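Asker:
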Amino acid sequence: SQKIEQNSEALNIQEGKTATLTCNYTNYSPAYLQWYRQDPGRGPVFLLLIRENEKEKRKERLKVTFDTTLKQSLFHITASQPADSATYLCALTLDSSYKLIFGSGTRLLVRP
Amino acid sequence: AAGVIQSPRHLIKEKRETATLKCYPIPRHDTVYWYQQGPGQDPQFLISFYEKMQSDKGSIPDRFSAQQFSDYHSELNMSSLELGDSALYFCASSLDSSSGNEQFFGPGTRLTVL
Numbered sequence: 007s008q009k010i011e012q013n014s015e016a017l018n019i020q021e022g023k024t025a026t027l028t029c030n031y032t033n034y035s036p037a038y039l040q041w042y043r044q045d046p047g048r049g050p051v052f053l054l055l056i057r058e059n060e061k062e063k064r065k066e067r068l069k070v071t072f073d074t075t076l077k078q079s080l081f082h083i084t085a086s087q088p089a090d091s092a093t094y095l096c097a098l099t100l101d102s103s104y105k106l107i108f109g110s111g112t113r114l115l116v117r118p
Numbered sequence: 200a201a202g203v204i205q206s207p208r209h210l211i212k213e214k215r216e217t218a219t220l221k222c223y224p225i226p227r228h229d230t231v232y233w234y235q236q237g238p239g240q241d242p243q244f245l246i247s248f249y250e251k252m253q254s255d256k257g258s259i260p261d262r263f264s265a266q267q268f269s270d271y272h273s274e275l276n277m278s279s280l281e282l283g284d285s286a287l288y289f290c291a292s293s294l295d296s297s298s299g300n301e302q303f304f305g306p307g308t309r310l311t312v313l
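Spelled out as C-alpha cells, the structure:
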C-alpha cells in the first residue's frame with residue numbers, strides 16, 4: 007500500500023538547536039517533495055520544494071534533503087526558535103497530477 | 200501581497216442541509232485545489248481545476264460538487280450534509296506554469312454540522 011510516514015510523536019527541542027524531521031514514503035515515485043508549516047486552525051504555508059533529481063535545497067535556516075533510493079526526505083531547521091513551533095507536513099506531488107499527498111505531520115515544540 | 204481568500208470562515212449547518220464554500224485565488228493563479236482536513240488529520244485532496252476545467256479528482260463524495268468560474272474563483276457545493284463532513288476546508292491556488300507547483304493555501308472554512 008502507499009504510505010507517507012512522519013514521526014507521530016512531537017519533537018521537543020531546546021531553542022538554538024537543530025530540529026530534524028523525517029518523511030518516509032512507500033510505493034510512490036514523486037516528482038516533487040514539498041514541506042509545509044501549519045499552525046493550529048490555519049492553512050498550510052509553503053516552505054520548500056525539492057525535485058526528484060535534487061539532493062539538497064536550502065533557504066535561510068531551512069534545509070531539505072531528498073533521497074529517492076531510501077525514499078526519504080529530511081527537513082532541518084537550524085538555530086531553532088520558539089516561533090518555529092508548529093506542525094510540519096511533508097507532501098508529495100506525482101508527475102501525473104499536481105495534487106498534494108500529505109503525510110500526517112510532525113509537531114515541533116521549541117523550548118525557550 | 201494578496202493571498203487566497205475563503206468565505207465564509209465559519210459555517211454551522213444542520214444535517215441534510217446544503218453549504219456553499221467560496222474561494223478566491225491569488226491573482227493570476229490559474230489552478231485551484233480543495234482539501235478537507237478533519238480533526239487531527241492531514242489535509243485530503245478533494246478536487247482541482249485548471250483554467251475552469253476539472254483537472255483532478257480525489258476522495259470527494261458524490262454529494263459534493265465544485266466549479267471554477269470565469270474570474271477563476273471557485274465554489275464547493277455540499278449537499279445532504281452529514282456529521283462526518285465537519286472539518287476544515289482549505290482552498291489552495293497555484294500557477295500551473297510554475298516549476299514545482301508550490302501551492303498557496305487560504306485560511307480555511309471551518310464547517311460544523313450539527
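Chains A and B are the protein sequences, given in the same order. One rule links them: number in the working numbering = place in the first sequence (from 1) + 6. One rule links them: number in the working numbering = place in the second sequence (from 1) + 199. Just so you know, even glycine gets a beta-carbon here, dropped at the ideal spot from N, CA and C. Since the model is a prediction, treat every value here as computed from it, not as a measurement.
Along chain B, which residues have their Cβ under 9 Å away from the Cβ of Gln40(A)?
Answerer: The contacting residues are Gly299, Asn300, Glu301 and Gln302.
Asker: Would you please verify whether the beta carbon of Ser103(A) is less than 9 Å from any beta carbon of chain B?
Answerer: For Ser103(A), the answer is yes, since a Cβ of chain B falls inside 9 Å of its Cβ.
Asker: Can you name, in chain order, every residue of its own chain whose Cβ lies under 6 Å from the Cβ of Gly257(B), other than the five neighbours on each side?
Answerer: Correct list, in chain order: Phe244 and Leu245.
Asker: Tell me whether the region 26-44 of chain A and the region 9-17 of chain A touch, counting them as touching only if at least three CB pairs, one residue from each stretch, are closer than 8 Å.
Answerer: Short answer: they touch.
Asker: Going by the beta-carbon positions, is the gap between Thr71(A) and Tyr94(A) smaller than 9 Å?
Answerer: The answer is no: Cβ separation not under 9 Å.
Asker: What are the boundary residues of the beta strand (DSSP E) that Arg64(A) is part of?
Answerer: Glu62 to Lys65 is the extent of the beta strand (DSSP E) around Arg64(A).
Asker: Tell me whether Ala286(B) is buried or exposed, calling it buried when 16 or more other Cβ atoms sit within 10 Å of its Cβ.
Answerer: Burial call: buried.
Asker: Can you give me the start and stop residues for the beta strand (DSSP E) that Phe289(B) sits inside?
Answerer: Its beta strand (DSSP E) spans residues Ala286 to Ser293.
Asker: Where does Ser209(B) land, buried or exposed, given buried means 16+ other C-beta within 10 angstroms?
Answerer: Note on residue identity: the sequence assigns His, not Ser, to residue 209(B). So His209(B) counts as exposed.
Asker: Does the region 262-280 of chain B come close enough to the region 221-235 of chain B to have 3 or more Cβ pairs within less than 8 Å?
Answerer: Yes: at least three Cβ pairs fall under 8 Å.
Asker: Suppose you measure from the CA of Leu30(A) to the CA of Leu106(A); what does that come to, to the nearest Å?
Answerer: This sequence places Asn at residue 30(A); Leu is not what is there. Roughly 15 Å between the two C-alpha positions.
Asker: Just the chain B side, please: which residues come within less than 7 Å of Thr74(A) by C-beta, in chain order?
Answerer: Near Thr74(A) there are no residues of chain B at all, since even the closest Cβ is about 16 Å away, more than 7 Å.
Asker: Using 8 Å for Cβ pairs, my map puts Phe81(A) next to Ala97(A). What's the rounded Cβ distance?
Answerer: Actually they are not in contact, since the Cβ atoms of Phe81(A) and Ala97(A) sit about 12 Å apart, beyond 8 Å.
Asker: Whose C-beta lies closer than 7 Å to the C-beta of Ile259(B) among residues of the same chain, with five residues either side of it excluded?
Answerer: Counting only Cβ-Cβ distances below 7 Å, and skipping sequence neighbours, we find Leu245 and Ile246.
Asker: Gln266(B): which of Met252(B), Pro238(B), Arg309(B) and Ser278(B) sits nearest, CA to CA?
Answerer: Checked all of Met252(B), Pro238(B), Arg309(B) and Ser278(B); the closest Cα to Gln266(B) is Met252(B).
Asker: Express the C-alpha separation of Ile204(B) and Thr84(A) in angstroms, rounding to a whole number.
Answerer: Cα-Cα distance, rounded: 32 Å.
Asker: Residues of chain A with CB under 8 Å from Gly386(B), in chain order?
Answerer: Lying before the first or after the last residue shown, residue 386(B) is absent from chain B, which here runs from 200 to 313.
Asker: Report the CB separation of Glu21(A) from Pro118(A) in whole angstroms; it is logged as a contact under 8 Å.
Answerer: Rounded, the Cβ-Cβ distance is 5 Å, consistent with contact.
Asker: Our contact map puts Thr230(B) next to Ser292(B) with C-beta atoms below 8 Å; I'd like the distance itself, whole angstroms only.
Answerer: Right, their Cβ atoms sit about 6 Å apart.
Asker: Identify the residues that DSSP records as bridge partners of Pro120(A): which are they?
Answerer: No answer is possible for residue 120(A): it lies beyond the span of chain A, which begins at 7 and ends at 118.
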